[in-house]
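Asks: Dumping the structure here so I can ask a few things about it.
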Amino acid sequence: FCLGDSPGGRGISDSRMVDVYHIDFGTQTFSLPSAILATNTMVGEIASASACDHANPQLSNPSPFQTLGLDLVLECVARYQPKQRSMFTFVCGQLFRRKEFSSHFKNVHGDIHAGLNGWMEQRCPLAYYGCTYSQRRFCPSTQGAKIIHDHHLRSFGVQPCVSTVLVEPARNCVLGLHSDHLSSLPFEVLQHIASFLDGFSLCQLSCVSRLMRDVCGSLLQSRGMVILQWGKRKYPEGNSSWQIKEKVWRFSTAFCSVNEWKFADILSMADHLKKCSYNIVEKREEAIPLPCMCVTRELTKEGRSLRSVLKPVL
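Be aware that the sequence shown starts at 3, since it is given in the numbering used here, and climbs by one per residue.
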């Protein structure tokens with residue numbers, strides 16, 4: 003929450019060297035509880051995904067409260083380009099395989115981040131009054147696919163459309179011991195099916211059951227990557243250094259590349275405004291006196307109180 007604009011060069015952050023990294027410390031920025039400025043109602047899954055959800059912000063003194071985002075405008079700035087002093091720096095901390103870098107940068111940083119200001123998910127124009135309505139107006143060109151955000155993985159993903167032919171039998175199926183037909187398939191068949199999934203889907207599938215976790219674990223050497231876990235080691239002399247603690251296998255959070263986008267077949271926002279409860283004009287006809295007029299001792303020359311002579315507001 004910035005206390006003021008800084009067009010004249012008054013920086014809201016100051017870069018300092020901490021553990022061989024440049025970290026931006028806020029100089030005019032303070033973290034306030036969201037309860038002071040807004041309610042905890044989430045407007046939308048994509049619109050409520052702040053920059054901190056899919057990036058590692060280099061900010062100091064994190065607040066224990068849920069902070070309020072104020073119209074964040076994301077902009078990609080190269081290392082050799084001069085950065086304005088009124089900008090915070092967010093470094094993407096996601097790890098990917100080499101062949102996934104280009105699609106991640108294009109779809110996430112280029113398409114999704116650029117559309118968070120109204121293109122990807124359009125909010126009601128009266129959202130500042132408290133309206134929580136939002137609609138997806140931009141989606142992948144694949145029929146029925148939509149963008150989702152996972153708070154645990156801190157990453158975006160693409161959810162494909164599931165045909166009604168596959169959904170209806172699952173709804174009509176009676177819950178029982180033999181209702182999970184997928185787990186009854188041979189392990190080799192499950193492994194072959196999982197090999198067609200992307201990294202984001204494999205991370206989701208590994209959390210379903212122990213069997214699915216074993217299936218995903220068998221694909222780590224062909225679809226996963228090795229992550230170096232660093233640990234800080236302190237010496238008896240008082241010095242410290244960072245060393246590799248262990249090597250961990252894991253899947254990336256990359257999703258299938260989206261080459262084309264399209265506008266969703268939805269109603270216009272004007273249709274929502276016709277029935278929006280926050281778009282009702284309330285005419286105040288009752289006279290509202292000023293605080294100084296509420297005292298009964300303040301009378302006019304005729305002996306009447308000031309409140310009684312106020313004319314209704316038209």
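Every residue, glycine too, gets a C-beta built ideally from N, C-alpha and C.
This structure is a prediction, so every number in the text was calculated from the model and none was measured.
To test your reading of the DSSP string, which unbroken beta strand (DSSP E) runs of 3 or more residues are found completely within the stretch 111-152?
Replies: Listed in chain order, the complete beta strand (DSSP E) runs (minimum 3 residues) inside the stretch 111-152 are 123-125, 136-138, 140-142 and 148-152.
Asks: Taking just the CA atoms, how far does residue 156 sit from residue 229?
Replies: Numbered from 1 along the sequence shown, position 227 holds the residue referred to as residue 229. Numbered from 1 along the sequence shown, position 154 holds the residue referred to as residue 156. Cα to Cα, residue 229 sits roughly 17 Å from residue 156.
Asks: Pick out whichever of 257, 275, 220 and 268 has its Cα sitting closest to the Cα of residue 149.
Replies: As a position in the sequence shown, residue 149 is number 147, starting the count at 1. Comparing Cα positions, the closest option is 257.
Asks: With a floor of 4 residues, list each alpha helix (DSSP H) that falls wholly inside the stretch 202-242, ordered by position along the chain.
Replies: The stretch 202-242 contains these whole alpha helix (DSSP H) runs: 212-219 and 222-225.
Asks: According to DSSP, is residue 248 part of a helix, a strand, or is it coil?
Replies: Counting from 1 along the sequence shown, the entry for residue 248 is found at position 246. Three-state result, residue 248: strand.
Asks: Give the DSSP bridge partners of residue 191, in chain order.
Replies: The sequence position of residue 191 within the sequence shown is 189, counting from 1. Note: residue 191 sits in no beta bridge, so no partner.
Asks: Can you tell me whether residue 253 is buried or exposed, with buried defined as 16 or more other CB within 10 angstroms of its CB?
Replies: In the sequence shown, residue 253 corresponds to position 251, counting from 1. Under this definition residue 253 is a buried residue.
Asks: Below 7 Å CB to CB, which residues in the same chain sit around residue 255 once its five sequence neighbours on both sides are set aside?
Replies: For the purposes of this step, residue 255 is identified with residue 253 of the sequence shown, where counting begins at 1. Cβ within range, chain order: 96, 155, 157, 201, 202 and 205.
Asks: Look up residue 81 in the DSSP assignment and say whether it is helix, strand or coil.
Replies: Start at 1 with the first residue of the sequence shown, and residue 81 comes out as number 79. Three-state result, residue 81: coil.
Asks: Looking only at its own chain, which residues have a Cβ that is under 8 Å from the Cβ of residue 243, when we skip the five neighbours before and after it?
Replies: The sequence position of residue 243 within the sequence shown is 241, counting from 1. Excluding sequence neighbours, residue 243 sits near 234, 235 and 237.
Asks: Using alpha carbons as the reference points, say which of 131, 78 and 124 lies closest to residue 329.
Replies: In the structure as shown, the chain begins at 3 and stops at 316. Residue 329 is therefore absent and cannot be evaluated.
Asks: The alpha helix (DSSP H) spanning residue 157 covers which residue range?
Replies: Here residue 157 corresponds to residue number 155 of the sequence shown, with the count starting at 1. That residue, residue 157, is in no alpha helix (DSSP H); its beta strand (DSSP E) goes 157-161.
Asks: Taking three-plus beta-carbon pairs below 8 Å as touching, is the stretch 118-136 in contact with the stretch 244-251?
Replies: With the cut-off at 8 Å, the stretch 118-136 and the stretch 244-251 do not touch.
Asks: Report all residues from its chain with a CB closer than 6 Å to the CB of residue 266; omit the five preceding and five following residues, and keep chain order.
Replies: Your numbering for residue 266 matches position 264 in the sequence shown. Hits under 6 Å: 138, 139 and 141.
Asks: Going by the CB atoms, is the gap between residue 262 and residue 143 shorter than 8 Å?
Replies: Looking up residue 143 in the sequence shown gives position 141. Looking up residue 262 in the sequence shown gives position 260. Yes.
Asks: If you measure between the beta carbons of residue 260 and residue 109, is that distance less than 8 Å?
Replies: As a working mapping, residue 260 is identified with position 258 in the sequence shown. As a working mapping, residue 109 is identified with position 107 in the sequence shown. Against a cut-off of 8 Å, the Cβ pair of residue 109 and residue 260 comes out as a contact.
Asks: If you draw a straight line from the alpha carbon of residue 218 to that of residue 208, how long is it in whole angstroms?
Replies: Start at 1 with the first residue of the sequence shown, and residue 218 comes out as number 216. Start at 1 with the first residue of the sequence shown, and residue 208 comes out as number 206. Roughly 6 Å separates the two Cα atoms.
Asks: DSSP on residue 18, reduced to helix/strand/coil?
Replies: Counting from 1 along the sequence shown, the entry for residue 18 is found at position 16. It is a strand residue.
Asks: Can the beta-carbon of residue 124 be found less than 8 Å from the beta-carbon of residue 147?
Replies: As a working mapping, residue 124 is identified with position 122 in the sequence shown. As a working mapping, residue 147 is identified with position 145 in the sequence shown. Against a cut-off of 8 Å, the Cβ pair of residue 147 and residue 124 comes out as no contact.
Asks: Suppose the cutoff is 8 Å on Cβ atoms and the five residues either side in sequence are ignored; what does the same chain contact list for residue 145 look like?
Replies: The residue you call residue 145 lines up with position 143 of the sequence shown. Excluding residues within five positions, the ones whose Cβ falls inside 8 Å are 163.
Asks: With DSSP collapsed to three states, give me the class of residue 58.
Replies: By one-based count along the sequence shown, residue 58 stands at place 56. Reliability of the predicted coordinates at residue 58 is poor, the pLDDT of 43 falling under 50, and no value is obtained from them.
Asks: Buried or exposed: residue 268, going by 16 or more other Cβ atoms within 10 Å of its Cβ?
Replies: The residue labelled residue 268 in the question sits at position 266 within the sequence shown. Under this definition residue 268 is an exposed residue.
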